[in-house]
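This report concerns only the one structure given below.
In the numbering used here, the protein residues as written are 645 to 741.
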(Lines of atoms letter the chains of each structure in order from A and count residues from 1; the text may use other names and numbers.)
(Lines give C-alpha, C1' and ligand atoms only; values in the text may rest on other atoms or scores of the structure.)
Protein backbone atom coordinates (compact mmCIF):
# COMPACT_ATOMS: atom_id res chain seq x y z
CA UNK A 1 0.00 0.00 0.00
CA UNK A 2 2.80 2.41 0.81
CA UNK A 3 4.88 1.46 -2.21
CA UNK A 4 2.06 1.16 -4.72
CA UNK A 5 -0.95 3.20 -3.57
CA UNK A 6 -4.33 2.60 -5.22
CA UNK A 7 -5.34 4.58 -8.27
CA UNK A 8 -7.44 7.72 -7.64
CA UNK A 9 -10.07 6.41 -10.03
CA UNK A 10 -10.84 3.60 -7.56
CA UNK A 11 -12.45 6.16 -5.25
CA UNK A 12 -15.52 6.41 -7.42
CA UNK A 13 -17.49 9.56 -8.17
CA UNK A 14 -15.86 11.84 -5.59
CA UNK A 15 -15.90 15.42 -6.85
CA UNK A 16 -12.83 16.63 -4.96
CA UNK A 17 -9.56 17.36 -6.68
CA UNK A 18 -7.15 14.66 -5.64
CA UNK A 19 -3.53 14.48 -6.60
CA UNK A 20 -2.04 11.24 -7.82
CA UNK A 21 -0.90 9.11 -4.86
CA UNK A 22 2.84 8.86 -4.34
CA UNK A 23 4.80 5.95 -2.92
CA UNK A 24 5.84 6.53 0.69
CA UNK A 25 9.14 4.69 1.01
CA UNK A 26 9.88 6.11 4.45
CA UNK A 27 6.63 4.72 5.89
CA UNK A 28 7.17 1.37 4.16
CA UNK A 29 10.68 1.08 5.65
CA UNK A 30 9.29 1.94 9.08
CA UNK A 31 6.74 -0.88 8.77
CA UNK A 32 9.54 -3.27 7.77
CA UNK A 33 11.57 -2.30 10.83
CA UNK A 34 8.62 -2.69 13.21
CA UNK A 35 7.20 -5.95 11.83
CA UNK A 36 10.26 -7.76 10.44
CA UNK A 37 9.43 -10.95 12.34
CA UNK A 38 5.98 -11.22 10.74
CA UNK A 39 7.09 -10.68 7.15
CA UNK A 40 8.61 -12.85 4.46
CA UNK A 41 12.00 -11.16 4.07
CA UNK A 42 12.48 -12.13 0.43
CA UNK A 43 9.06 -10.90 -0.65
CA UNK A 44 9.45 -7.67 1.32
CA UNK A 45 12.80 -6.89 -0.31
CA UNK A 46 11.43 -7.73 -3.77
CA UNK A 47 8.62 -5.19 -3.27
CA UNK A 48 11.08 -2.36 -2.60
CA UNK A 49 12.05 -0.09 -5.50
CA UNK A 50 15.20 -1.14 -7.34
CA UNK A 51 16.99 2.07 -6.38
CA UNK A 52 16.62 1.44 -2.61
CA UNK A 53 19.99 1.78 -0.92
CA UNK A 54 21.28 -0.87 1.50
CA UNK A 55 21.77 1.80 4.16
CA UNK A 56 18.03 2.54 3.99
CA UNK A 57 17.14 -1.04 4.92
CA UNK A 58 20.12 -1.66 7.24
CA UNK A 59 18.04 -1.67 10.44
CA UNK A 60 15.55 -4.09 8.88
CA UNK A 61 18.29 -6.44 7.68
CA UNK A 62 20.12 -6.34 11.02
CA UNK A 63 16.90 -7.20 12.84
CA UNK A 64 16.19 -10.11 10.51
CA UNK A 65 19.73 -11.48 10.83
CA UNK A 66 19.69 -11.16 14.61
CA UNK A 67 16.37 -12.99 14.81
CA UNK A 68 17.63 -15.78 12.52
CA UNK A 69 20.80 -16.16 14.62
CA UNK A 70 18.76 -16.40 17.83
CA UNK A 71 16.51 -19.02 16.25
CA UNK A 72 19.53 -21.03 15.10
CA UNK A 73 21.03 -20.97 18.62
CA UNK A 74 17.70 -22.04 20.12
CA UNK A 75 17.41 -24.91 17.63
CA UNK A 76 20.98 -26.05 18.37
CA UNK A 77 20.30 -26.13 22.12
CA UNK A 78 17.04 -28.01 21.56
CA UNK A 79 18.79 -30.54 19.33
CA UNK A 80 21.47 -31.13 21.99
CA UNK A 81 18.84 -31.59 24.70
CA UNK A 82 16.92 -34.08 22.56
CA UNK A 83 20.09 -36.04 21.83
CA UNK A 84 20.97 -36.12 25.54
CA UNK A 85 17.48 -37.35 26.41
CA UNK A 86 17.68 -40.02 23.71
CA UNK A 87 21.00 -41.28 25.07
CA UNK A 88 19.67 -41.27 28.65
CA UNK A 89 16.58 -43.26 27.66
CA UNK A 90 18.70 -45.75 25.69
CA UNK A 91 21.09 -46.14 28.62
CA UNK A 92 18.18 -46.75 31.02
CA UNK A 93 16.63 -49.26 28.62
CA UNK A 94 19.90 -51.16 28.13
CA UNK A 95 20.48 -51.15 31.89
CA UNK A 96 17.17 -52.93 32.55
CA UNK A 97 17.89 -55.87 30.25
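We put the CB at the ideal spot given by N, CA and C, even for glycine.
Given the structure is predicted, the values throughout are model-derived calculations rather than measurements.
Find out if the Cβ-Cβ distance for the pair residue 704, residue 680 is shorter than 8 Å.
Along the chain shown, one-based indexing puts residue 704 at 60. Along the chain shown, one-based indexing puts residue 680 at 36. Taking 8 Å as the Cβ cut-off, residue 704 and residue 680 qualify as a contacting pair.
Residue 672 classed as buried or exposed, judged by whether at least 16 other C-beta atoms fall within 10 angstroms
Here the question's residue 672 lines up with position 28 in the chain shown. So residue 672 counts as buried.
Tell me whether residue 695 sits in a helix, a strand or coil according to DSSP, three-state version.
By one-based count along the chain shown, residue 695 stands at place 51. In the structure shown, residue 695 sits in coil (DSSP, three-state: anything other than H, G, I, E or B).
Validate contact between the region 725–734 and the region 705–717 using beta carbons, cut 8 Å, 3 pairs
no
So, using beta-carbon positions, are residue 676 and residue 669 closer together than 8 Å?
On the chain shown, residue 676 is found 32 positions in, with the first residue counted as 1. On the chain shown, residue 669 is found 25 positions in, with the first residue counted as 1. Contact flag unset, no.
Indicate, with yes or no, if the ligand GTP has a heavy atom lying under 7 Å from the CB of residue 687.
The model on display carries no ligand, and the ligand GTP is accordingly not part of it.
Is DSSP giving residue 688 helix, strand or coil here?
For the purposes of this step, residue 688 is taken as residue 44 along the chain shown, with counting starting at 1. Note: residue 688 maps to helix in three-state DSSP.
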